[in-house]
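A short worksheet on the structure shown next.
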Amino acid sequence: MGNDWPLYEVFIRAKSGLSHRHAGSVHAADDEMALNHARDVYTRRNEGVSIWVVRSSEIVASDPQDSAELFEPAKDKIYRHPTFYDIPDDVGNM
Amino acid sequence: MDKDQALLKYVLRLGDSALVHGQRLIELVAHGPELEEELANANFSLDHLGQARMFYTYAGELEGKGRTEDDFALLRAENEYENLLLLEQPNGHFGDTVVRSVLFESFYLLQLEAMVQCNAAGLVEIAARAVKEIRYHLRFNSQWLIRLGDGTQESHRRVQESLNDYWQFTGEFFAADEVDKIVQEKFQGPDLWKLQPTWRDNVAAIVAEATLLLPEDQRMEISGREGQHSAHFGPMITEMQSVQRAMPGLNW
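Quick note, the sequences are listed as chains U and W, same order.
Going by this note's numbering, the first sequence opens with residue 11, and the numbers climb by one from there.
Going by this note's numbering, the second sequence opens with residue 217, and the numbers climb by one from there.
Here it is, written out as structure tokens:
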């Protein structure tokens, strides 16, 4: 049965102010069911305040073969990191 | 019967229905059609078990004889349990579970919402917490009923059969006796008579969306409130109590 159900990716917002993070995936026959399943599987220990689900097939992913051209050029651009500033403690999450 | 005795009995009945429903659902663990359904079902069972614990603990306080939740849950005789008969019916297929849950939870939700308005503080507290759990149970199971009813020919036929089979147990939800009346009058508890048309409308709407037919009016089985059970109750409760009976006072 599960083989017939499409896969959905689940994103959970842990608390207000934080962004949704990928939590895992569930199988479901439709969008409503996917939301229920995500709730039952990934928020039963009080992990979240908001859930997004999206069909895995709708996600456009980068090709691992393109890693070199996509990501490696950023590796030696140290000046793009804001590490040359002192961040005050009370700024919180950056 | 004075009002304190009525409230105690009322709370115990709520605990009994929650316990029995939770026990039937937990029997399904490892039999779910899908991992996600499996987990949802186990969550639901534990919600009901948690509610049973709160009702029994409150009953112990009302009774004032030092009985604990375990004494009520595990050490009473068969005829001392006064759960709704629908909930003790044996498990069948997944559609049976869905139909049973929709019929009961749609009633239980109305009962809890009314209980939040009563003036027995202990009951208000439990109801306020339980109402959120039951709203989700009902949402989950209603969606499933619609999916199955409006699904394939076979799923439609099977849930229509479940609905027809279980309908005879729904009259009991509203068969108010002395206990219900006293709790209604003295504690502003739920008025079952008033809840019935709302329940029927709510269920009719789900059933219609599921392209199913509401069963015809028929003779209703209502003996649960007197502790008269169907033949399925004995084996269930025996299994549930077996560990406590074999090792009295056992501590996990």
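Just so you know, even glycine gets a beta-carbon here, dropped at the ideal spot from N, CA and C.
The model shown is predicted, which means the values in this text are computed figures rather than measured ones.
Start-to-end residues for the alpha helix (DSSP H) that takes in Ala256/W: Within the second sequence, residue 256/W is the residue found at index 40, counting from 1. From DSSP, the alpha helix (DSSP H) with Ala256/W extends over Leu251 to Glu279.
Test: Leu17/U CB closer than 7 Å to a CB of chain W: Working through the first sequence from its first residue, we reach residue 17/U at position 7. By this cut-off, Leu17/U is not an interface position.
Cutoff 7 Å; reference His47/U; Cβ partners in own chain excluding five residues on either side: Indexing the first sequence from 1 puts residue 47/U at position 37. Shown here for His47/U: same chain residues with a beta carbon closer than 7 Å to its own, the five before and five after excluded, namely Val36 and Ala38 in chain order.
Counted within 10 angstroms of its Cβ, other Cβ atoms place Gly276/W as buried (16 or more) or exposed: Counting from 1 along the second sequence, the entry for residue 276/W is found at position 60. Counting Cβ neighbours within 10 Å, Gly276/W comes out buried, since at least 16 surround it.
Within chain U, partners of Ala256/W - CB distance below 9 Å: In the second sequence, counting from the first residue as 1, residue 256/W sits at position 40. The contacting residues are Asn46, His47, Arg49, Asp50 and Val51.
C-beta atoms of Val318/W and Leu361/W nearer than 7 Å: Indexing the second sequence from 1 puts residue 318/W at position 102. Indexing the second sequence from 1 puts residue 361/W at position 145. Yes, the pair counts as a contact, with Cβ atoms nearer than the cut-off.
Minimum Cβ-Cβ distance from Arg54/U to chain W less than 7 Å: As a first step, residue 54/U is located in the first sequence; it is residue number 44 there, counting from the start. For Arg54/U, the nearest beta carbon of chain W is closer than 7 Å to its own beta carbon.
Alpha carbon of His353/W to alpha carbon of Thr414/W, nearest angstrom: The residue labelled residue 353/W in the question sits at position 137 within the second sequence. The residue labelled residue 414/W in the question sits at position 198 within the second sequence. The straight-line gap separating the alpha-carbon atoms of His353/W and Thr414/W is approximately 18 Å.
Option nearest Pro306/W by Cα separation, candidates Ala256/W, Gln359/W and Gln239/W: What you label residue 306/W is simply residue 90 of the second sequence in a count that begins at 1. By alpha-carbon distance to Pro306/W, the top candidate from Ala256/W, Gln359/W and Gln239/W is Gln239/W.
Span of the alpha helix (DSSP H) around Trp360/W: By 1-based counting over the second sequence, the position of residue 360/W is 144. Here the alpha helix (DSSP H) through Trp360/W covers Ala337 to Gly365.
Environment of Met463/W [buried if 16+ CB atoms lie within 10 Å]: Taking the first residue of the second sequence as position 1, residue 463/W is located at position 247. The residue in question, Met463/W, is exposed, as its Cβ has fewer than 16 Cβ neighbours within 10 Å.
Range covered by the beta strand (DSSP E) that runs through Ala33/U: As a first step, residue 33/U is located in the first sequence; it is residue number 23 there, counting from the start. Residues Arg31 to His37.
Per-residue burial, Pro406/W [other beta carbons within 10 Å of its own, 16 or more giving buried]: Taking the first residue of the second sequence as 1, we reach residue 406/W at position 190. Counting Cβ neighbours within 10 Å, Pro406/W comes out buried, since at least 16 surround it.
Option in Lys402/W, Phe260/W and Ser233/W with minimal Cα separation from Asn335/W: Counting from one through the second sequence, the residue named residue 335/W turns up at place 119. Of Lys402/W, Phe260/W and Ser233/W, the smallest CA-CA separation from Asn335/W is found for Lys402/W.
Where His37/U meets chain W, residues with beta-carbon distance less than 9 Å: Counted from its first residue, the first sequence places residue 37/U at position 27. Going along chain W in sequence order, the residues near His37/U (Cβ under 9 Å) are Glu250, Leu251 and Glu252.
Proximity test, Cβ basis, 7 Å: Glu79/U and chain W: Working through the first sequence from its first residue, we reach residue 79/U at position 69. No, Glu79/U lies away from the interface with chain W (no Cβ there is under 7 Å from its Cβ).
Sequence ranges, beta strand (DSSP E) only - wholly within the stretch 32-103 of chain U, length at least 3: Taken in chain order, the whole beta strand (DSSP E) runs of length 3 or more contained in the stretch 32-103 of chain U are 60-65.
Strand pairing of Arg23/U, partner residues [DSSP]: As a working note, residue 23/U is residue 13 in the first sequence. Ser60/U, per the DSSP bridge assignment.
Sub-7 Å separation of Val70/U and Glu19/U beta-carbons: Taking the first residue of the first sequence as 1, we reach residue 70/U at position 60. Taking the first residue of the first sequence as 1, we reach residue 19/U at position 9. For Val70/U and Glu19/U, no; Cβs fall outside 7 Å.
Proximity test, Phe21/U beta-carbon vs the ligand ATP heavy atom, cut-off 6 Å: The ligand ATP is absent from the structure shown, which contains no ligand whatsoever.
Between the CA atoms of Lys410/W and Val332/W - distance to the nearest angstrom: Taking the second sequence and counting its residues from 1, one reaches residue 332/W at position 116. Taking the second sequence and counting its residues from 1, one reaches residue 410/W at position 194. Looking at the two C-alpha atoms, the distance is approximately 16 Å.
CA-to-CA distance, Asp218/W to Asp393/W, given in whole angstroms: Your numbering for residue 393/W matches position 177 in the second sequence. Your numbering for residue 218/W matches position 2 in the second sequence. The straight-line gap from Cα to Cα measures roughly 14 Å.
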